[in-house]
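Before any comments, here is the structure.
There are 2 protein chains.
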Amino acid sequence: MDTEGLSKGEQTRREIIAAAHTLFVKQGYHGTSMREIAKTAGLALGGIYNHFATKEDIFRAVFVEYHPINYIFPALAQAHGESTEALLRDIARHIIAGLKEDPDFINLLSIDIVEFQGSNASSVLRTRLPALEGVYRQIVSASSNDLRPIPPLIFLRSFFGLFISYFMTGYILNLAPELPDEINQNAFDYFIEIFLHGVLSDTGTHRGGKNL
Amino acid sequence: MDTEGLSKGEQTRREIIAAAHTLFVKQGYHGTSMREIAKTAGLALGGIYNHFATKEDIFRAVFVEYHPINYIFPALAQAHGESTEALLRDIARHIIAGLKEDPDFINLLSIDIVEFQGSNASSVLRTRLPALEGVYRQIVSASSNDLRPIPPLIFLRSFFGLFISYFMTGYILNLAPELPDEINQNAFDYFIEIFLHGVLSDTGTHRGGKNL
DNA sequence: CCTACCGATCGGTAGG
DNA sequence: CCTACCGATCGGTAGG
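Structure follows, in structure tokens:
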């Protein structure tokens, strides 16, 4: 985490967030004590309360700081492609790359559901959905509109659900190493291929994706 | 829960499981005390330990007892359809009906990930995957094989991922009631439509699904 | 199946 | 009056 040019207080705050993230992901929310967070961050228990009023506040900060949306938006900005298909493929590739680098968000999301009934996920969604809708409009207008008629919000829900599906099933499957490797081999390539074939109209001559 | 013809001990055991399920789903794992479970099940704290050695044992029993696979298999058995498409559509309809009746499994799955690193989900998968592969073979052989060439395990992963995607996104979206209703309107119809269009080859004349 | 109780640890706060 | 933090301890609760 970049700590240059930050006040001492802000530095400590970031160390608390980083420590809490590591521990929450590994041990869960109630499985992580304020004492552990303090120790890992390099200060005494009481010191935490100069930066966060409650443990819940810490989780909120961790959830927002490590939310995939932070790298999804930059990824969307630099994605490009001539056809709708190529664009979606490139966006997916960027998002997958980001998620593979930080696959622990599944744990944070699970904590949010178990302990906070998903209120943090919902809050982030509320904040960012308008921008995501903008991205959708960009996608359909950037190329000849060869998407099947799917309501924009359903399209977005389905597209992001694809990543949830891939990472949730992958998380569980990776715990069963005796399973045939077939289940992981190029799995996301197939996932995105199924999705693209599912949302693109099959009338055009634009299909540039590799065949299955 | 059906308690006829059960021994007193087995009855109590089931009451503990039912009480624990209700509380775990509402309050999480560490948020639920053994005392609460005991009280809800109608016995004293110490009494629980005549039926379960640890709190983890109770969670394992709850997870297995309320796992969707319990109604997915019967649903698969009674599903029917002339084409691959019709069959998949009918299976999905049955599974969705079951999940809508008991949407709280998301919470159990989240607890499993947070507290047990997904080991219970993985264990159920290990036990049931062979039977699911059998179902897949049944699907491809029951009708003219009009599926695109997707490895069987990837197909299964993608198919069940569809339900995870739908219910996870739905869980979070339903917390934001101010969002346009478009995002929920017939959402699963679109989800299954995208999936089917994605996995079925588009060469045949078999497509009987409604157009989007 | 209960009453009574354990070693330990919880999130949060006190004065300085 | 600010910040960052200490050693010690608060009232309650955890699984067993």
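Chains as they are written, first to last, in my numbering: chain D, 33 to 244; chain L, 33 to 244. Ideal Cβ positions, reconstructed from N, Cα and C, are used throughout, including at glycine.
Query, Result
"Does the separation of the CB atoms of I128(D) and I104(D) fall below 8 Å?", "no"
"Give me the DSSP bridge partner(s) of L232(D).", "L179(D)"
"Label Y81(L) either buried or exposed according to how many other C-beta atoms from any shown protein chain fall within 10 Å of its C-beta, with 16 as the threshold for buried.", "exposed"
"Just verifying my parser: in three-state terms, what is the DSSP assignment at L161(D)?", "helix"
"So, at 7 Å on beta carbons, what are the nonlocal neighbours of P100(L) in its own chain, with the 5 sequence-adjacent residues on each side left out?", "G130, L131 and F137"
"Take every Cβ of the segment 159-174 of chain D, pair it with every Cβ of the segment 107-120 of chain D, and state whether three or more of those distances are shorter than 8 Å.", "yes"
"Helix, strand or coil for D136(L) per DSSP?", "coil"
"Ordered along the chain, which non-local residues of its own chain (more than five positions away) have a Cβ less than 7 Å from that of E68(L)?", "L55"
"Where D221(D) and G63(L) are concerned, what is the direct C-alpha to C-alpha distance, given to the nearest angstrom?", "40 Å"
"Compile a chain-ordered list of the residues in the segment 185-204 of chain L whose CB is closer than 9 Å to at least one CB of chain D.", "L185, I186, F187, L188, R189, S190, F192, G193, L194, F195, I196, S197, Y198, M200, T201, G202, Y203 and I204"
"What separation, rounded to the nearest whole angstrom, lies between the Cα atoms of R158(D) and A124(D)?", "22 Å"
"Sort I145(D), V96(D), E42(D) and E97(D) by Cα distance to H83(D) and report the nearest one.", "E42(D)"
"Relative to chain D, which residues along the segment 53-77 of chain L have a C-beta separation below 8 Å, given in chain order?", "G60, Y61, H62 and G63"
"Between K40(D) and chain L, is any beta-carbon pair separated by less than 8 Å?", "no"
"Is any beta-carbon of chain L found at less than 8 Å from that of F223(D)?", "yes"
"Cα separation between K58(D) and T72(L)?", "31 Å"
"Would you mind sorting H112(D) into buried or exposed? The rule is 16 or more other CB atoms within 10 Å of its CB.", "exposed"
"Using alpha carbons as the reference points, say which of I48(D), H53(D) and G60(D) lies closest to G74(D).", "I48(D)"
"Listing by chain order, which chain L residues have their CB less than 7 Å from the CB of S142(D)?", "S142, I145 and V146"
"Return the residue from the list E88(D), D178(D) and P209(D) that minimises the CA-CA distance to I143(D).", "E88(D)"
"Using a beta-carbon distance below 8 Å, is A153(L) in contact with chain D?", "yes"
"Give the secondary structure of Q43(D) by DSSP, where H, G and I count as helix, E and B as strand, and everything else as coil.", "helix"
"When you compare only the Cα positions, how much space is there between A76(L) and M66(L)?", "9 Å"
"Under 8 Å, Cβ to Cβ, is there at least one residue of chain D near V96(L)?", "no"
"Between the segment 146-155 of chain D and the segment 194-212 of chain D, do three or more beta carbon pairs fall short of 8 Å?", "no"
"Please state if the CB of D134(D) and the CB of D234(L) are separated by a distance shorter than 8 Å.", "no"
"Spatial neighbours of R45(L) within its chain, please: CB distance less than 7 Å, with the 5 preceding and 5 following residues excluded, ordered by chain position.", "H83"
"Is there at least one Cβ from chain D nearer than 8 Å to I104(L)'s Cβ?", "no"
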